[in-house]
Amino acid sequence: MVQQYPSALLEKAVGEFAKLPGIGRKTALRLVLHLLREPMSDVEGFAEAVARMRREVRYCTVCHNISDTEVCPICADQRRDASLVCVVENIQDVMAVENTQQYHGLYHVLGGVISPVDGMGPSDLQIDSLVERVAKGDVKEVILALGSTMEGDTTNFYISRRLAPYEVELSVLARGISVGDELEYTDEVTLGRSIINRTPFNKN
C-alpha cells in the first residue's frame, strides 16, 4: 500500500531522506517529522552545515583523505613518520586506524578496491598517485591495509606489482582480522594489534 502524505512538501522531504544509504521511507518520515518539530534556526543550521560541507570539503592532494584544506592535517603534521604509508580503501578506514592510536605514519586512500563486478578497475583508484609518492624515494614501507576479501587481496597483489621496481618494503595487516571483514567494522583493539604485528607481503 502506497503511503499517503498530508503534504506534498513533506512527501518531497521524505523522498530526499530516503535516498540516503540505510534509510527507508519509514525512518525518513521519522527524521522529517523530527525536523518539523525543531526550531527553524536549528533546521536552517542543519541544512546549511550539509550544504556547506558539500560545497567546501575537499580531498587532500597528497593522500586523498577528506580535508578542509589542500593538504590534510595528517599529511601536514611534521610529527608523523613520512617514511611509512598505510594504504586504505576509504576515508572510514583512515578514521578506524586513527582510533586505534597505534599508527603514526601517513595514509593513502585508494577510493575503493579492484572489483570488475562493480566496474572498478585500477584506473578508477588512486594507485598511480601512490606509485608517484613511492617513486620520490621518501617512503620506506607501504602497509597494505585493505579488507581481507578477494577484492582486497586482488588489489594488494596489483599494487605489489606496480611497486616492485622500487626499493620499498611491503607489509599487510596481521590476520587478527577475519577473512571477509571490513576494516571500519573491526574493533579498535584487534585493528591496533593487526597494525603493530603486520607481516611482510608475499607476492606469491
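For this note's numbering, count along the sequence shown from 1 and bump the result up by 64.
C-beta: ideal position from N, C-alpha, C; glycine also.
Separation of residue j from residue i, as counted between CA atoms
| i | j | result |
| --- | --- | --- |
| Gly-88 | Tyr-230 | 48 angstroms |
| Arg-225 | Gly-183 | 21 angstroms |
| Leu-95 | Phe-81 | 8 angstroms |
| Gly-169 | Cys-150 | 7 angstroms |
| Pro-180 | Glu-134 | 31 angstroms |
| Val-78 | Lys-90 | 9 angstroms |
| Ala-199 | Ala-72 | 57 angstroms |
| Ala-209 | Leu-74 | 43 angstroms |
| Val-243 | Met-104 | Any reading at Val-243 must be qualified, since the residue scores a pLDDT of 47, below 50, and its modelled position is unreliable; the value itself is stated next. Computed Cα separation, rounded: 48 angstroms. |
| Ser-147 | Thr-219 | 22 angstroms |
| Tyr-123 | Cys-139 | 12 angstroms |
Alpha helix (DSSP H) segment containing residue i, residue limits
| i | result |
| --- | --- |
| Gly-109 | 104-120 |
| Cys-139 | 137-140 |
| Val-195 | 191-199 |
| Glu-215 | 214-227 |
| Val-236 | Run containing Val-236: none in the alpha helix (DSSP H); it sits in the beta strand (DSSP E), 233-236. |
| Ala-77 | 72-81 |
| Arg-89 | 89-101 |
Cβ-based burial, residue i [other Cβ within 10 Å; buried from 16]
| i | result |
| --- | --- |
| Ala-160 | buried |
| Gly-211 | buried |
Residue i, enclosing beta strand (DSSP E) - first and last residue
| i | result |
| --- | --- |
| Ala-146 | 145-152 |
| Glu-169 | The amino acid at residue 169 is misidentified as Glu; the sequence shows Gly. 169-173 is the extent of the beta strand (DSSP E) around Gly-169. |
| Leu-208 | 205-208 |
Spatially closest choice to residue i from the options, by CA coordinates
| i | options | result |
| --- | --- | --- |
| Asp-145 | Asn-220, Gln-166 and Asp-217 | Gln-166 |
| Arg-197 | Leu-100, Val-236, Arg-122 and Val-173 | Val-173 |
| Asn-154 | Glu-215, Thr-164 and Asn-129 | Asn-129 |
| Met-214 | Asp-192, Ile-207, Val-206 and Val-177 | Val-177 |
| Arg-119 | Ile-191, Val-195 and Asp-132 | Asp-132 |
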